[in-house]
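Structure record follows, encoded as structure tokens.
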Amino acid sequence: MQPESNSGLRTWQWVVTAIVVIILIVVGIFVFSGKGSSTQAPSDTMATSTAGTTAVGANSIVISDQYPGNVVYISSVQLAAPGWVAIHADNKGQPGAIIGTAWAAAGINPVKVTVSQPIVDGGTYYAMLHSDNGDQKFSAATDLPLQDSNGNIIMRVFHGSAAAGNSVKG
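The opening residue of the sequence shown carries number 370 in this note's numbering; numbering runs sequentially from there.
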């Protein structure tokens, strides 16, 4: 009787192993296909996105906290078409007045923006991408913020910080 018992146990082990492998494959497909990822935006970006309006990833911005001063250094601006980077002051947790703008060519470029009000230690600011109406002169009324395919404005939150490295000293 002992051999039959081992045979049944081995069959059971194979069945359980096969089920576990199938579950792992299904979970792997689910996770790596992106269907398992959350579409909720991180809270520090205020439902902003780096996806562009013409193609995913066509418009994006990369910025780190900035040393206090009159210059903001943006590591990377990617635009499908030439446009603007606008620095907004904080207005109760939302982008407020525009304190600086800089033209950005299509493609991927670092951008330097001189601001009219200095970046202060501990302050919150917003770097936002704007379109250009074709005249290469910034107008908040006609050079509107760029949006991703979900309608989110493409911007990044950053802070003034005396601890920021010398490479971002303005």
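Don't be surprised by glycine CBs; every beta carbon is placed ideally from N, CA and C.
Where Ile-523 falls: helix, strand or coil (DSSP):
Indexing the sequence shown from 1 puts residue 523 at position 154. Coil at Ile-523, not helix or strand.
Measuring alpha carbon to alpha carbon, tell me which residue in Ser-485, Pro-451, Ala-449, Ala-533 is nearest Ala-466.
Here residue 466 refers to the residue found at position 97 when the sequence shown is read from its first residue. It is Ser-485.
Problem - CB contact flag (Gly-529, Gly-492, <9 Å) - result: Indexing the sequence shown from 1 puts residue 529 at position 160. Indexing the sequence shown from 1 puts residue 492 at position 123. It is a contact, given that the beta carbons lie within the stated cut-off.
key: C-beta contact flag for Gly-452 and Asp-501 at 9 Å   = In the sequence shown, counting from the first residue as 1, residue 452 sits at position 83. In the sequence shown, counting from the first residue as 1, residue 501 sits at position 132. It is a contact, given that the beta carbons lie within the stated cut-off.
Which runs of the beta strand (DSSP E) spanning at least 3 residues fall entirely within the stretch 441 to 493, listed in chain order? 452 to 460, 463 to 473, 476 to 488
Query - Spatial distance of Asn-521 from Asp-490 (CA atoms) - result: Locating residue 521 in the sequence shown gives position 152, where the first residue counts as 1. Locating residue 490 in the sequence shown gives position 121, where the first residue counts as 1. So the alpha carbons of these two residues sit roughly 28 Å apart.
- Message: Contact defined as beta carbons within less than 8 Å: I believe Pro-517 pairs with His-499. What is the distance between those atoms, to the nearest angstrom?
- Response: Position 148 of the sequence shown holds residue 517. Position 130 of the sequence shown holds residue 499. The question names Pro, yet the displayed sequence has Asp at residue 517. A Cβ-Cβ separation of about 14 Å leaves Asp-517 out of contact with His-499 under the 8 Å criterion.
**Report entry** Closest residue to Val-526 among Asp-459, Ile-388, Ala-449, Thr-380 (Cα-Cα distance)
**Finding:** The sequence position of residue 526 within the sequence shown is 157, counting from 1. Taking only the C-alpha atoms, the option nearest Val-526 is Asp-459.
Note to self: Am I right that Met-524 and Tyr-495 are in contact with their C-beta atoms under 8 Å? What's the rounded C-beta distance?
What the structure shows: Taking the first residue of the sequence shown as 1, we reach residue 524 at position 155. Taking the first residue of the sequence shown as 1, we reach residue 495 at position 126. Indeed they touch by this definition, with Cβ atoms about 5 Å apart.
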